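Comments concern the structure below.
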Amino acid sequence: MKSPLLFAALALSLCLPAAPVGRAAEPEHKKKAEETELGNTMEKMNGAWRKLKKQAGDATNNAASLALVATMKACAEKALTLKPARAEDVPAAGRADFVADYQKDMKEFVSLVGELEKAFQAGDNAAAQALIQKMGAAQKEGHKEFKRPDL
Ligand code: HEM
C-alpha cells in the first residue's frame with residue numbers, strides 16, 4: 088500500500104465501534120466477566136501495540152509503524168470518551184474524580200502517541216523506542232489504577 092492517506096483511513100476504520108463478533112462466539116465458560124466498549128477499544132489498540140513494539144527499532148518499517156500508530160491514536164482518542172467499568176465500583180461521591188483522573192491519564196497517553204508519531208515521521212527510531220518504554224509504563228499504571236481487577 089503506497090498512499091499514507093489510505094493507510095490512515097484504514098487505520099482509523101480499525102477503531103470504529105465494533106460488533107462483538109469474536110467473543111460472542113466463545114463458549115459461555117470461556118467468556119470474560121464482562122465485555123465493554125472500552126475493553127473492545129483496548130483490544131484493538133493492543134493488536135497494533137504488539138506489532139509496533141516488535142518493529143519500532145527498524146527504520147525500514149517506519150511507514151508501516153506510522154499506520155499502527157494511527158490505529159493506536161484512533162483507539163486512544165476513543166478511549167478518552169469512554170469510562171472505565173471500575174467507575175461503577177467506586178463510591179458515588181468519588182466517581183467523578185475517578186473518571187477525571189482516568190481522563191487525565193488517557194490524555195497524557197494520547198500525547199505520548201502523538202510524540203511517537205512525530206518520532207517515526209522524523210525517522211528517529213531511538214526516540215520511538217524510548218517513547219514505547221514510556222507508553223508501556225503508562226499502560227501498566229493505567230491498568231493498575233483504572234481496570235477492574237477481574238477484567
Ligand atoms: C499500550 C497501551 C495500552 C494497551 C495495549 C492496553 C490494552 C488493554 C487490554 C488488552 C485490555 C483488556 C481488554 C478486555 O479484556 O476487554 C485493557 C483494558 C483496560 N485498559 Fe488498557 N491498554 C493500554 C493503555 C491503557 C491506559 C493508558 C489506560 C488508562 C489511562 C488503560 C485503561 C484500561 C481500562 C480501564 C481497561 C478495562 C476496560 C473497562 O473498564 O471497560 N489502558 N487495556
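Counting the sequence shown from 1 gives a position; this note's numbering is that position plus 87.
Here a beta-carbon is modelled for each residue, glycine too, at the ideal position from N, C-alpha and C.
None of these values were measured; they are calculated from a predicted model.
Coil, strand or helix - residue 211 by DSSP: DSSP places residue 211 in coil when its eight states are reduced to three.
### Task
Pick out whichever of 205, 199, 170, 179 has its Cα sitting closest to the Cα of residue 188.
170
Review point. Cβ of residue 123 versus every heavy atom of the ligand HEM: is any distance shorter than 6 Å?
Key: Checking every heavy atom of the ligand HEM against the Cβ of residue 123, one is found closer than 6 Å.
Problem set entry | residue 165, buried or exposed, once every other Cβ within 10 Å from all chains shown has been counted against 16 | buried
**Prompt:** Is it buried or exposed for residue 141, if we count other Cβ within 10 angstroms and need 16 for buried?
**Reply:** exposed
(message) Here's the rule: buried if 16 or more other CB atoms are within 10 angstroms of the residue's CB, otherwise exposed. What is residue 237?
(response) It counts as exposed.
Using the three-state DSSP reduction, which class does residue 234 fall into: helix, strand or coil? coil
Could you give the first and the last residue of the continuous alpha helix (DSSP H) run that contains residue 150? 149-167
Open item on the list: Taking 7 Å as the threshold (C-beta atoms), are residue 131 and residue 162 in contact?
Closed with: yes
**Report entry** Nearest neighbour of residue 203, chosen from 151, 178, 100, 214 [CA to CA]
**Finding:** 214
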